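Chemist: Mind looking over this structure? Questions follow.
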Amino acid sequence: MGFNLQLLFTGIGVGSIYALVALGFVLIYRATNVVNFAQGDFAMLGAFSMVVLAIDFGLPYWLSIILTLAALAAFGAIFNLAVYYPLRNRSFLPVIISTIGASILLENGVLAAYGPRPQSLPTVFSGQGITIGSVFLDSQYLLIIGVAAAMVAFQFLLFERTFIGKKLQAVSQDKEMASLLGISVGTMIMVTFIYSATLGGLAGVLVAPILFVSVGMGSSIALKAFAASIIGGFGEVTGAIIGGLILGVIETFGAAYISVPYKDAFAFLGLFIVLLFRPQGLLGERVAEKA
Amino acid sequence: MSADSLAAKAVPTGRGKRRWHPGDLGTVVYAIVASCTVLAVLSVPLQGYALNLLMQASTYAIAVLGLTIVLGYTGQINLAQAAFFGLGAYSVALGTTTLSLSFWLAAILGIGIAALAGAILGLTSLRLGGHYLAMVTISFQMIATLILTNWIAVTHGPDGVPGIARPTLLGLSLAEGTRYLAFCIGILCIVGYWVYRLRMMRLGRAMQAVRDNELAAGVTGVNTYQTKVLAFTLSAALGGLGGGLFAGGFTYISPDQFSFSESVVFLTMALLGGARSPFGTAFGTGLLILLPEWLRFLKVIYLAVYGAAVILIMVFMPEGIWGFVNRFWQKFYPPPLRVLDGLAPLPLTLEKGEPDGSVILEVSALSKHFGGLKAVDQVDLKIAHNTVHALIGPNGSGKSTLLNVLSGIYRSSGGHIVLSGRDISALPPHRRAASGMGRTFQNIRLFGAMSILDNVKVGAERPGNTLASGAKALDSHALAALEFVGLAERADESVGSLSYGHQRHVEIARALAGNPALLLLDEPGAGLNHIEKDALVLLLQRLKGHGLTILIIDHDMNLVEQVADHITVLNFGRRIADGKPIDVLHDPQVIAAYLGEEAAHGTA
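Just so you know, the protein sequences line up as chains G and R, in that order.
Under the numbering used here, the first residue of the first sequence carries the number 34, and numbering increases by one thereafter.
Under the numbering used here, the first residue of the second sequence carries the number 42, and numbering increases by one thereafter.
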């Protein structure tokens, strides 16, 4: 029982990371109707930026985090201008391929700059945690879960309670109508990219201490986050969060009870099953009517 | 051997009096060039590095040709081509070593396994469209790599499989490198030719129609889902074939050769060369295999440059190098006008048919609800044979929704649709087309990257159209439909080169070519200027004169009055009037709902 609770805790921690990255996916998807296959590389960049700032330059941890998030925000803007904006009027296929190209560019760019050896980043807490009964709650995992919950709350407030949130929603629902009402669609999409990149970077900052920091870390997180958002119900914010948590738990239990080498396969197997029997996802995105 | 079979294909057989076509010359030239290439490879002793590069290029190109079909022709993404390639390669490797099967048997097994995997993958995910397909193929690729790496007992794990033997063909050993290469190139030439021809076959046209406009493809009679699954299966099979040959070529394989990054490489090869053309694809493959050699000085950042190149290709050459070149070619050498001699007129269903009062379409209590909104509410409609029936109503009254429900784009929320005595309420769009329903769209939906003639051919090929069976009959029938709307001479031009009004005529010709029992016209006058509108009225009157049964929606009362025999009026999703034009247009309820509302907003 204690072991299972421990696994559940770890699973929720891992799932929170997927949920954070999945949130970024969903936001960009809702604003542009395009899936950004480089979303995970935002997390990878965030993690590497922490290694460079906190270890190589020896800056304080908190300052490194702030600088990393700022850098990712700027990067989100560049990404929009270089990868999405020129293709905004085309179908989704060229844009998907373009983001895949960006992913290759980013991973190999970092590889060329930093070499293939995985880096590690210490946690701020240096291994402390809380023990409740037989379950050890690692502080980094607690931090991840807490930040993920805070971001979800923040996002909810942003979208439902602020004017800019309303504008973002309008753009995601009907770009033409939004622009007729005087909303600058281009600006809103820019805001979305900046926010999503920052969110991805934050996921990278959080996950860096529990994983090795490597160029491939982003794409494996992103693929699972994407799978999570489909499992939960694609295009739905709540679906992304629930899907992420479910996936994290399934994966942790699968690795503990079934097989470690096939750990990564569970996510994709789960995805297959969901697509087969409930393609609209657990929360059920309305299947878009074609006009 | 490959060249012989090509030459055999070059002479069209079984078509009797078919006239010489410039395309046949191309086939002969292709056959000669292909056989010379194979012979040249046989006579030049290649070895070591050059041999390996060519071996890789020719086997990769076969797999990338699969992407021409699925991505270039059908417009569906496949990010698992390396996995299918791997399935073929591992079938040959394990089949010939562990299971001691013959190379040929193992290779055929490999193609079969890859095709089966492709079919299953396609069946599960192709209903869902783009992003899901991208994700599902990536998932499949990841699982395949995990299994190849971790199922050591069977796949030998990361160490790979060594000692794969090359086969003997008709008593001739292909063990020697150049011979095997010549064999691979021969296969590549055959596959390339077939993929090239596919574009001009019925299946190929259906694929392109799905790519250019899936919705229109469905209502034109293309089974879009089946077409996509077939494309995916064929693509996977070609991946398996390429992989099987690859395993024989290198005699050693390991899991890292079939990873996700290789799938991306395959995709880039197709895109760079131009996914819509097999020549472009082959060119792209060769280029990307040679590029690393030329860019050796970039070694460390090579892959980063590669990623940047993918973005740049998408931004500046979305149709690849071949599409880029082709565009210039088309600009300076536009296709000539068709010379039409002895073209039979379009055989319309009933020449000078007289309305006899019998009903062709009966709609009863039809509803369509979007959540709480009743866009179409309990509508009854009867359309008599050989009449032009107009459906009018203010904006938002549910006319277009009704048409979409009739043609199967929307599933009805209740009620029945009976066409020619058959209940079609539950059928998908392509089966409604097969039962004789043709339609056009308010916002023109043509197959944008296809020629005018090919657009109309897709229409003529609707299942159940007996007037256009056989390649020759198909051609002349499609041309006759174009002649009817006055565009036959320009048949070989791209639809994009036509004016808006002419595009509308092509859309009508596409529907006519299918020989529909009932033609639905969704605001055919929308967006046309006065001259174009006059031409449209003339065309509609000619159709009416031929006795075609038409259901037309339009706002232009002038147009409606000139052609309609019968008018039904909708308001807020409900039928408020139905009858002869003169009665309906004087109905006070209609004036209040329709014209009255117009008058109220008249000054705006």
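Backbone N, C-alpha and C define an ideal beta-carbon position, used for all residues, glycine too.
These numbers come from a predicted model, not from an experiment.
Residue range of the alpha helix (DSSP H) that E284/G falls in?
Modeler: Where E284/G is concerned, the enclosing alpha helix (DSSP H) starts and stops at V270 to Y290.
Chemist: Note down, in chain order, every chain R residue with its Cβ under 8 Å from the Cβ of P93/G.
Modeler: Ordered by position in chain R, no residue passes the 8 Å Cβ test against P93/G, which lies about 31 Å from the chain.
Chemist: Looking only at its chain, what residues have a beta carbon closer than 8 Å to the beta carbon of F181/R, apart from the 5 residues adjacent to it on each side?
Modeler: Hits under 8 Å: A121, A124, A158 and L162.
Chemist: Quick check on the DSSP output: what are the complete alpha helix (DSSP H) runs of length 4 or more inside the segment 497-542 of chain R, in order along the chain?
Modeler: 512-525
Chemist: Going by the DSSP bridge assignment, what does F326/G pair with across the sheet?
Modeler: Given a span of 34 to 324 for chain G in the structure shown, any question on residue 326/G remains unanswerable.
Chemist: For S262/G, collect the residues of the same chain with a Cβ closer than 7 Å to its Cβ; drop the 5 residues on either side in sequence, then sort them by chain order.
Modeler: A55, F58, V59, G272, A273 and G276
Chemist: Determine, for P119/G, whether the minimum Cβ-Cβ distance to residues of chain C falls below 7 Å.
Modeler: Looking for chain C here will not work: the only protein chains present are G and R.
Chemist: With G439/R and L611/R assumed to form a contact (beta carbons below 8 Å), what rounded beta-carbon distance in angstroms separates them?
Modeler: 5 Å
Chemist: DSSP on Q313/G, reduced to helix/strand/coil?
Modeler: Reduced to three states, the DSSP call for Q313/G is coil.
Chemist: How is I617/R classed by DSSP in three states: helix, strand or coil?
Modeler: strand
Chemist: Listed from N- to C-terminal order along the chain, which residues in the segment 538-567 of chain R have their beta-carbon within a distance smaller than 9 Å of any beta-carbon of chain G?
Modeler: none
Chemist: Going along chain G in order, which residues have a C-beta closer than 7 Å to the C-beta of L344/R?
Modeler: I137 and N141
Chemist: Near Q483/R, what residues of its chain come up, given a Cβ to Cβ distance below 7 Å and the 5 sequence neighbours on each side ignored?
Modeler: S441, D563, E564 and A567
Chemist: Under 8 Å Cβ-Cβ, which residues of chain G neighbour M183/R?
Modeler: L256, D297, A298 and F301
Chemist: Tell me the rounded alpha-carbon separation between M242/R and L331/R.
Modeler: 33 Å
Chemist: Where does I623/R sit, in a helix, a strand or coil, going by DSSP?
Modeler: helix
Chemist: If you follow the beta strand (DSSP E) that N427/R is part of, which residue opens it and which one closes it?
Modeler: N427/R -> no beta strand (DSSP E), and no H or E assigned at all.
Chemist: Comparing the C-beta of P151/G with each C-beta of chain R, is any distance below 7 Å?
Modeler: no
Chemist: Taking the alpha-carbon positions, what's the C230/R to L215/R distance?
Modeler: 18 Å
Chemist: Helix, strand or coil for A431/R, going by three-state DSSP, please let me know.
Modeler: In this structure, DSSP gives A431/R an extended state, which the three-state scheme calls strand.
Chemist: Can you give me the start and stop residues for the alpha helix (DSSP H) that T261/R sits inside?
Modeler: E255 to T261
Chemist: T178/R and A316/R - do their beta-carbons sit closer together than 7 Å?
Modeler: no
Chemist: Show which residues of chain G have a CB atom less than 9 Å away from the CB atom of L414/R.
Modeler: Chain G residues near L414/R: none, gap ~12 Å exceeds 9 Å.
Chemist: Establish whether the CB of P359/R and some CB of chain G are separated by less than 7 Å.
Modeler: yes
Chemist: G289/R and M310/R - do their beta-carbons sit closer together than 7 Å?
Modeler: no
Chemist: Does the beta carbon of L308/G sit closer than 7 Å to a beta carbon anywhere in chain R?
Modeler: yes
Chemist: Taking CB distances under 7 Å as the criterion, tell me whether A145/G reaches chain R.
Modeler: yes
Chemist: Unbroken alpha helix (DSSP H) runs of length 4 or more, entirely within the segment 49-136 of chain G: which are they?
Modeler: 72-83 and 94-112
Chemist: Apart from the five residues just before and just after T138/R, which ones in its own chain have a Cβ nearer than 7 Å to its Cβ?
Modeler: V202, G204 and I205
Chemist: List the residues of chain G that V351/R touches, going by C-beta distances under 9 Å, in chain order.
Modeler: Per Cβ cutoff of 9 Å: I130, S131, I133, G134, A135, I137 and L138.
Chemist: By the 10 Å Cβ neighbour count, where 16 or more other Cβ atoms means buried, how is M34/G classified, buried or exposed?
Modeler: A residue is called buried when at least 16 other Cβ atoms come within 10 angstroms of its Cβ; M34/G does not meet this threshold and is exposed.
Chemist: Smallest Cα separation from L542/R: which of F224/R, H627/R and R486/R?
Modeler: The sequence shown places Gly at residue 542/R, not Leu. Among F224/R, H627/R and R486/R, the Cα nearest to that of G542/R belongs to R486/R.
Chemist: Using DSSP bridges, identify the partner residues of H607/R.
Modeler: H430/R
Chemist: Work out the CA separation of G113/R and L626/R for me, nearest whole Å.
Modeler: Cα to Cα, the separation comes out at about 51 Å.
Chemist: I want to verify the contact list: residues of chain R whose CB lies under 7 Å from the CB of F259/G, in sequence order.
Modeler: M176
Chemist: On the CB-based measure, 16 or more other CB atoms within 10 Å of its CB, does E392/R come out buried or exposed?
Modeler: Unreliable placement is indicated for E392/R, whose pLDDT of 43 sits below 50; the coordinate value is still reported in the next sentence. Exposed is the call here.
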